[in-house]
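Taking it in order: structure first as structure tokens, then the write-up.
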Amino acid sequence: MSMNLELQARTLIRDNNFINGQWVAAAGGRRFAVTDPATGKLVADVADSCPADARAAVDAAAAALPGWRATLPKDRAAVLRRWHALILEQQDALAALISLEQGKPLAEGRGEIVYGASYVAWFADEATRIYGDLIPQQQRGKRMSAIKEPIGVVAAITPWNFPLAMIARKIAPALAAGCTVVAKPAEDTPLTAIALVMLAHRAGVPDGVLNLISASRESAVEAVGEWLADSRVRKITFTGSTPVGKYLARESANSLKKASLELGGNAPFIVFEDADLDAAVTGLLAAKFRNGGQTCVSPNRVYVQRSVYARFSTLLSAKVAELRVGPASDPASQIGPMINVRAVEKIARHVEDALVNGALVLTGGRRLAELGPHYYAPTVLANATSRMLLCNEETFGPVVPLFAFDTEQEAVQAANDTPFGLASYFYSQDVRRIDRVSRALEAGIVGINEGALASEAAPFGGVKESGYGREGSKYGLDDYLSIKYLCQGGLE
Ligand code: SIN
Numbered sequence: 002m003s004m005n006l007e008l009q010a011r012t013l014i015r016d017n018n019f020i021n022g023q024w025v026a027a028a029g030g031r032r033f034a035v036t037d038p039a040t041g042k043l044v045a046d047v048a049d050s051c052p053a054d055a056r057a058a059v060d061a062a063a064a065a066l067p068g069w070r071a072t073l074p075k076d077r078a079a080v081l082r083r084w085h086a087l088i089l090e091q092q093d094a095l096a097a098l099i100s101l102e103q104g105k106p107l108a109e110g111r112g113e114i115v116y117g118a119s120y121v122a123w124f125a126d127e128a129t130r131i132y133g134d135l136i137p138q139q140q141r142g143k144r145m146s147a148i149k150e151p152i153g154v155v156a157a158i159t160p161w162n163f164p165l166a167m168i169a170r171k172i173a174p175a176l177a178a179g180c181t182v183v184a185k186p187a188e189d190t191p192l193t194a195i196a197l198v199m200l201a202h203r204a205g206v207p208d209g210v211l212n213l214i215s216a217s218r219e220s221a222v223e224a225v226g227e228w229l230a231d232s233r234v235r236k237i238t239f240t241g242s243t244p245v246g247k248y249l250a251r252e253s254a255n256s257l258k259k260a261s262l263e264l265g266g267n268a269p270f271i272v273f274e275d276a277d278l279d280a281a282v283t284g285l286l287a288a289k290f291r292n293g294g295q296t297c298v299s300p301n302r303v304y305v306q307r308s309v310y311a312r313f314s315t316l317l318s319a320k321v322a323e324l325r326v327g328p329a330s331d332p333a334s335q336i337g338p339m340i341n342v343r344a345v346e347k348i349a350r351h352v353e354d355a356l357v358n359g360a361l362v363l364t365g366g367r368r369l370a371e372l373g374p375h376y377y378a379p380t381v382l383a384n385a386t387s388r389m390l391l392c393n394e395e396t397f398g399p400v401v402p403l404f405a406f407d408t409e410q411e412a413v414q415a416a417n418d419t420p421f422g423l424a425s426y427f428y429s430q431d432v433r434r435i436d437r438v439s440r441a442l443e444a445g446i447v448g449i450n451e452g453a454l455a456s457e458a459a460p461f462g463g464v465k466e467s468g469y470g471r472e473g474s475k476y477g478l479d480d481y482l483s484i485k486y487l488c489q490g491g492l493e
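With the numbering used here applied, the sequence shown corresponds to residues 2 to 493, in that order.
Structure, rendered in structure tokens:
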């Protein structure tokens with residue numbers, strides 16, 4: 002990254018909590034380090050929050066709620082539009098900040114800014130379309146209607162893999178609906194989220210409407226625990242792992258908070274013999290290697306029909322071997338470092354386990370220690386089987402295991418043989434098969450001859466243990482609204 006870009010990124014760095022429109026240090030005075038995954042160098046020290054900080058954030062959000070929910074939808078939309086414009090104005094600096102703390106190549110970071118901002122623009126428009134219903138009359142003298150109201154204070158807990166997009170797609174619908182927000186970004190990447198909240202304030206989001214606290218891995222459970230126990234928080238929205246999602250659902254059950262949980266996946270990618278194989282390779286590269294494989298919708302298991310297995314593996318491995326790995330500072334990098342040492346260790350463990358159980362390395366299959374401790378080579382493994390760890394857990398890295406299958410039924414059965422159901426993909430040119438398989442796959446999202454699924458206009462979310470709730474699209478606001486039934490009598 003050029004010195005100039007890094008300097009731009011640094012203009013956006015703030016290192017304290019943002020509560021009630023003020024930058025405040027953590028009540029306990031503690032801080033924790035945010036480091037660059039490419040170099041291990043310190044980027045900033047930020048507030049390490051405790052329950053008192055979490056409580057102060059809810060106090061502010063609860064106090065701001067009556068005023069914000071009473072604003073006109075078109076006024077909330079105007080604030081969101083200004084926020085959208087400010088995000089795009091800062092595209093380069095924000096992308097550089099993402100690269101600094103998360104490691105994704107600059108071009109991908111720039112893409113994430115546009116992607117994240119698109120949710121802000123989308124929900125600015127949706128704010129003005131929150132309709133209710135006048136229910137067809139059932140009795141003379143009585144009028145029944147249903148109106149939609151903001152659910153209240155929302156707690157948003159977000160992951161490190163898309164430090165801007167994931168928090169934008171929670172905060173934007175919450176604000177559009179008239180809710181107020183307390184947010185906690187992932188400990189690996191709090192800086193982009195803090196910058197985003199600063200821009201929201203500049204755009205005119207009033208004091209207390211949007212509050213953010215940062216917390217280290219060690220402090221997060223207690224800080225978030227405060228929100229879970231607080232009955233003023235009416236909704237939890239979370240993107241992250243399934244075990245944490247289950248914990249949040251259990252703990253928020255005491256006060257029956259509404260929850261949206263976008264959790265782990267184990268995405269299947271099926272290549273049928275009637276597929277356009279070049280298109281399937283292109284789609285797989287796009288889906289698998291975006292963010293170095295660190296996405297919940299990243300294909301984790303690639304099923305290839307036996308008759309085209311050899312040809313597909315050759316085509317794919319040749320392309321994967323060409324991928325350039327390196328730091329975000331090198332404009333030629335297509336894959337950056339993994340987020341932390343735990344992530345690389347998990348990838349290495351999955352590959353070792355696969356090799357012990359009979360997999361064959363077609364390309365990659367090793368750490369790239371010469372680049373740094375967080376790098377792993379883009380990898381293709383042949384002869385994958387259901388016994389291997391990488392078939393049963395999300396690898397969350399640049400590893401493609403290839404499984405062979407014979408029949409459509411076998412492929413669909415294997416694809417569905419997982420507790421998870423977020424994304425799935427298949428390639429086929431047979432229209433009847435396309436219809437059958439898209440309906441048979443147990444997933445919230447199906448990519449059909451397409452590897453790039455993300456869009457603010459589409460409902461993003463899973464089934465089974467990948468969670469519930471939808472983000473984006475016309476459905477995305479529902480999670481932040483409750484329906485009130487009004488029954489008015491004595492009208493005759
Ligand atoms: C995720 O990894 O959770 C989200 C990916 C996306 O928005 O495409």
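Note that beta-carbon positions come from the ideal geometry of N, C-alpha and C, so glycine has one too.
Note that the structure is predicted; figures quoted are calculated from it, not measured.
Distance, residue j Cα to residue i Cα
i, j, result
"Gly133", "Ala96", "39 angstroms"
"Gly22", "Arg433", "56 angstroms"
"Gly373", "Leu211", "37 angstroms"
"Gly470", "Glu371", "42 angstroms"
"Trp84", "Arg32", "28 angstroms"
"Val447", "Ser474", "16 angstroms"
"Lys485", "Ile148", "5 angstroms"
"Arg130", "Ala169", "19 angstroms"
"Val400", "Ala108", "21 angstroms"
"Ile340", "Pro137", "55 angstroms"
"Leu213", "Met389", "40 angstroms"
"Lys75", "Ala128", "7 angstroms"
"Pro269", "Glu443", "10 angstroms"
"Leu411", "Thr380", "The amino acid occupying residue 411 in the given sequence is Glu; Leu does not appear at that position. The alpha-carbon atoms of Glu411 and Thr380 are separated by roughly 25 angstroms."
"Asn255", "Ser217", "25 angstroms"
"Phe124", "Pro164", "19 angstroms"
"Val357", "His351", "10 angstroms"
Cβ pair residue i, residue j closer than 8 angstroms
i, j, result
"Phe19", "Ile237", "no"
"Arg343", "Ala63", "no"
"Gly294", "Phe461", "no"
"Pro52", "Gly209", "no"
"Ala201", "Trp161", "no"
"Phe406", "Ala415", "yes"
"Glu150", "Leu478", "no"
"Lys143", "Leu492", "yes"
"Glu1", "Val44", "Limits of the chain in this structure are 2 at one end and 493 at the other, which puts residue 1 out of reach."
"Glu395", "Asn267", "yes"
"Val121", "Ile88", "yes"
"Arg368", "Val345", "yes"
"Phe404", "Tyr304", "yes"
"Leu81", "Ala175", "no"
"Ala48", "Asn5", "no"
"Ser467", "Gly327", "no"
Buried versus exposed call for residue i [16 or more other C-beta atoms within 10 Å across all chains shown]
i, result
"Arg251", "exposed"
"Trp24", "exposed"
"Lys185", "buried"
"Thr315", "exposed"
"Ser429", "buried"
"Lys465", "buried"
"Gly179", "buried"
"Val245", "buried"
"Asn301", "buried"
"Leu8", "exposed"
"Val155", "buried"
"Arg307", "exposed"
"Ala39", "buried"
"Thr408", "exposed"
"Glu353", "exposed"
"Gln91", "buried"
"Lys347", "buried"
"Thr243", "buried"
According to DSSP, residues forming a beta bridge with residue i
i, result
"Lys1", "In this structure the chain extends from 2 to 493, so residue 1 is not present and cannot be described."
"Glu353", "Glu353 is not bridged to any residue."
"Arg144", "Gln489"
"Lys377", "The residue asked about is misnamed: residue 377 is Tyr in this sequence, not Lys. Note: Tyr377 sits in a beta bridge opposite Arg368."
"Lys475", "For Lys475, which the question treats as bridged, DSSP gives no partner whatsoever."
"Gly448", "Tyr426"
"Thr240", "Glu263"
"Lys149", "Ile484"
"Leu211", "Val182"
"Val400", "Thr380"
"Ala405", "Val305"
Residue i Cβ short of 7 angstroms to the ligand SAM heavy atom set
i, result
"Asn267", "The model on display carries the ligand SIN but not the ligand SAM."
* Asked: Counting pairs of Cβ atoms below 8 angstroms between the stretch 272–284 and the stretch 373–393, do you hit three or more?
  -> no
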